[in-house]
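Protein chains in written order, with our numbering: chain X, 1 to 405; chain W, 1001 to 1277.
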């Protein structure tokens, strides 16, 4: 660890801090009194770090700082210049949980779940530094976190099982390093009130597994050539995409743009970059990488492949999107996000069809039919639930609760 | 539970840190690990105009052996010392450190910070008093060294003035034939002690002492060389200088500290005679 840089800031004046959060370097500019817990939650959208007492007693906000568990409510974010932070979001992914998370699940060690992130990171630190810890020492060793459900027995069983299975060392956190987190910072005094679009000029290729993948095909009556003529023109593509807008051509098939999506109360406004990485006129294939940052601190990246295939009767437009979400936006249910993306693609395909057939840019298109999108998504959900219910009448479910969280 | 606004300064040298404190005219506060200061700021019990973060003072980031003393700079965290090879020379530290808060607090809390904070129920001030440590204070008029016995003035009051920084603590290393004991009773492991003791015993001349904490406004040390268990217990009981509270009555604390003093002195004696601290 390097020593932090000298700083001087008057009361209320923001302090610059650069730290690594779940493997990704972030730069923030915050008043000195903002705690690490608040910086993670309010400025990076990482709300997995919970806050209970806010004065160091309860341990809900426990995170790893330079590899050791620490109370995020007892640290000012500005103190952590150069530090390496791991939060519960970095510990595992929904489809690849850390062994501690698996064990907490299988031992029913979560109950209300409020203390779980604190217990996970406290026990991670314990097993990382004392892999040979004796079972009878666990109550004292884990006494830094309180469980308000008093579900300690199951928590101890879970940690004990993982300790027994990993005497040679606990596996590393599984979700560090492939995020693109970007600090959402308060405007500096004197700065324009409207936040400038993110000054990112380079698109970072996403790494690791996407948050979700959408694959959709849509039959169009327009010919593949006419469809390709639309796909080949990035301004037309953007015009067909609900809520999207190209604001600047940067050269080398790179574009600056923005996109607005709203689903019910959720309103996301992304500013970002897109780059065409493959443009194959013969195969009618277009591959685009997009990257955007929401003003609320969410970050999304997508690798989108569009292919217009000949079907005889017209065109089969096939789209594959690998979507990577981080920050607050990632909280928004994955299944719902997938559905929204699917609806967006259906609207996109319809607009491509319209443009390809008419040969005219459809400028009258309303930006993201927010309500329409939600209505369509919910209607589809309702149909699905209806089917499930009808099935359930014949086959009562074995699990009383849905699995969606 | 949010701190009031404060100016934040992170100077690069100890001299600059002292200059910042001078500039804040008594309204400045030194921040090291923050594990005691931040809760006080969060509850707005303290509202310093300026917080001087000493995290960048590389000159205070050291643990070193200096003759028969172990010298620990102000940046050294409690967990760093727990795992430090040189710390074995001061066995009482090894016994006391695991009692401080929880792992999560020790990973940020500093050794000097806990001593400078001087909570009457804290472990390290008691260790400093039991061993006769000395404290190096840097101020606008240069450096001075104060013994632990003179250092603690009362609850959270020490020789560190508003323009001073506690730069280092010097613990005497154990001599052969010295043994130590340490224990405390708290409602939950890691909470502040209802009562606790640190003890030392020297096999060659039978010198024995204990320091009680959590029972008065500062750690209190008594020389109990040659005294029997009953006399030690009586002496310990008399040290309780606090009325009862919701956590325990005065009588309960008296019983605790008497029992702990006798038990931990016996432990120190066994360690001294058995050659293990």
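Glycine included, C-beta positions come from ideal geometry on N, C-alpha and C.
Helix, strand or coil at residue i according to DSSP, with G and I counted as helix
{"i": "residue 27/X", "result": "strand"}
{"i": "residue 1021/W", "result": "helix"}
{"i": "residue 19/X", "result": "strand"}
{"i": "residue 396/X", "result": "In this predicted model, residue 396/X has a pLDDT of only 49, less than 50, meaning its place in the structure is not dependable enough to derive any value."}
{"i": "residue 82/X", "result": "coil"}
{"i": "residue 363/X", "result": "Low local confidence applies: a pLDDT of 49 at residue 363/X is under 50, so the model's placement there is unreliable, with the coordinate-based value given in what follows. Coil at residue 363/X, not helix or strand."}
{"i": "residue 249/X", "result": "strand"}
{"i": "residue 145/X", "result": "coil"}
{"i": "residue 303/X", "result": "strand"}
{"i": "residue 1194/W", "result": "coil"}
{"i": "residue 1224/W", "result": "coil"}
{"i": "residue 1270/W", "result": "helix"}
{"i": "residue 132/X", "result": "coil"}
{"i": "residue 276/X", "result": "strand"}
{"i": "residue 184/X", "result": "Since pLDDT at residue 184/X reaches only 39, below the 50 mark, its modelled position is unreliable, and the value read off the structure follows with that caveat. Residue state, collapsed to three classes: coil."}
{"i": "residue 14/X", "result": "strand"}
{"i": "residue 1188/W", "result": "coil"}
{"i": "residue 371/X", "result": "For residue 371/X, the predicted model reports a pLDDT of 49, less than 50, meaning its position is unreliable; a value from the coordinates is still stated below. Residue 371/X: helix per DSSP, three-state reduction."}
{"i": "residue 1162/W", "result": "coil"}
Selection from the options that minimises the alpha carbon distance to residue i
{"i": "residue 1052/W", "options": "1026/W, 1021/W and 1040/W", "result": "1021/W"}
{"i": "residue 1033/W", "options": "65/X, 166/X and 235/X", "result": "65/X"}
{"i": "residue 1264/W", "options": "1233/W, 1248/W and 1253/W", "result": "1233/W"}
{"i": "residue 1246/W", "options": "1211/W, 1194/W and 1231/W", "result": "1194/W"}
{"i": "residue 1208/W", "options": "1076/W, 1241/W, 1128/W and 1261/W", "result": "1261/W"}
{"i": "residue 25/X", "options": "351/X, 293/X and 17/X", "result": "17/X"}
{"i": "residue 1163/W", "options": "1015/W, 1084/W, 1061/W and 1119/W", "result": "1015/W"}
{"i": "residue 1175/W", "options": "1190/W, 1201/W and 1181/W", "result": "1201/W"}
{"i": "residue 1120/W", "options": "1092/W, 1197/W, 1110/W and 1106/W", "result": "1197/W"}
{"i": "residue 1111/W", "options": "1166/W, 1222/W, 1157/W and 1151/W", "result": "1166/W"}
{"i": "residue 117/X", "options": "72/X, 320/X and 242/X", "result": "72/X"}
{"i": "residue 1147/W", "options": "1177/W, 1056/W, 1131/W and 1005/W", "result": "1131/W"}
{"i": "residue 1024/W", "options": "1040/W, 1012/W, 1007/W and 1013/W", "result": "1007/W"}
Residue i: first and last residue of the uninterrupted beta strand (DSSP E) it sits in
{"i": "residue 1229/W", "result": "No beta strand (DSSP E) holds residue 1229/W; the alpha helix (DSSP H) holding it covers 1229–1238."}
{"i": "residue 106/X", "result": "First-last for residue 106/X: 99–106, but that is the alpha helix (DSSP H), not the beta strand (DSSP E)."}
{"i": "residue 122/X", "result": "Premise fails: residue 122/X lies in the alpha helix (DSSP H), 116–129, not in any beta strand (DSSP E)."}
{"i": "residue 1134/W", "result": "1134–1139"}
{"i": "residue 1169/W", "result": "1165–1172"}
{"i": "residue 1142/W", "result": "1142–1147"}
Test item: CB-CB of residue i and residue j under 8 Å
{"i": "residue 111/X", "j": "residue 58/X", "result": "no"}
{"i": "residue 251/X", "j": "residue 274/X", "result": "no"}
{"i": "residue 52/X", "j": "residue 88/X", "result": "no"}
{"i": "residue 1271/W", "j": "residue 1179/W", "result": "yes"}
{"i": "residue 1136/W", "j": "residue 1168/W", "result": "yes"}
{"i": "residue 322/X", "j": "residue 210/X", "result": "yes"}
{"i": "residue 68/X", "j": "residue 1079/W", "result": "yes"}
{"i": "residue 956/W", "j": "residue 1028/W", "result": "Nothing about residue 956/W can be read from this structure; chain W reaches only from 1001 to 1277."}
{"i": "residue 84/X", "j": "residue 4/X", "result": "no"}
{"i": "residue 1199/W", "j": "residue 1243/W", "result": "no"}
{"i": "residue 255/X", "j": "residue 248/X", "result": "yes"}
{"i": "residue 1082/W", "j": "residue 62/X", "result": "no"}
{"i": "residue 1217/W", "j": "residue 1155/W", "result": "yes"}
{"i": "residue 1036/W", "j": "residue 1161/W", "result": "no"}
{"i": "residue 305/X", "j": "residue 316/X", "result": "no"}
{"i": "residue 77/X", "j": "residue 28/X", "result": "yes"}
{"i": "residue 230/X", "j": "residue 145/X", "result": "no"}
{"i": "residue 122/X", "j": "residue 142/X", "result": "yes"}
{"i": "residue 1061/W", "j": "residue 1076/W", "result": "yes"}
{"i": "residue 344/X", "j": "residue 224/X", "result": "no"}
CB-CB length for residue i against residue j, believed under 8 Å
{"i": "residue 355/X", "j": "residue 268/X", "result": "Wrong, their Cβ atoms sit about 25 Å apart, outside the cutoff."}
{"i": "residue 1220/W", "j": "residue 1239/W", "result": "5 Å"}
{"i": "residue 120/X", "j": "residue 91/X", "result": "6 Å"}
{"i": "residue 1070/W", "j": "residue 1096/W", "result": "14 Å between Cβ atoms; not a contact."}
{"i": "residue 1038/W", "j": "residue 74/X", "result": "5 Å"}
{"i": "residue 1002/W", "j": "residue 1042/W", "result": "7 Å"}
{"i": "residue 1010/W", "j": "residue 31/X", "result": "Going by Cβ atoms, the distance from residue 1010/W to residue 31/X rounds to 14 Å, so no, they are not a contact pair."}
Extent of the continuous alpha helix (DSSP H) run through residue i
{"i": "residue 235/X", "result": "234–240"}
{"i": "residue 1092/W", "result": "1091–1096"}
{"i": "residue 1052/W", "result": "No alpha helix (DSSP H) holds residue 1052/W; the beta strand (DSSP E) holding it covers 1050–1053."}
{"i": "residue 1117/W", "result": "1111–1117"}
{"i": "residue 1078/W", "result": "1078–1082"}
{"i": "residue 155/X", "result": "152–165"}
{"i": "residue 227/X", "result": "224–231"}
{"i": "residue 1028/W", "result": "Counting along the chain, residue 1028/W falls outside any alpha helix (DSSP H), though it belongs to the beta strand (DSSP E) covering 1028–1031."}
Chain-ordered chain B contacts of residue i [CB-CB under 9 Å]
{"i": "residue 4/X", "result": "Looking at the structure shown, chain B is missing, and the protein chains on hand are X and W."}
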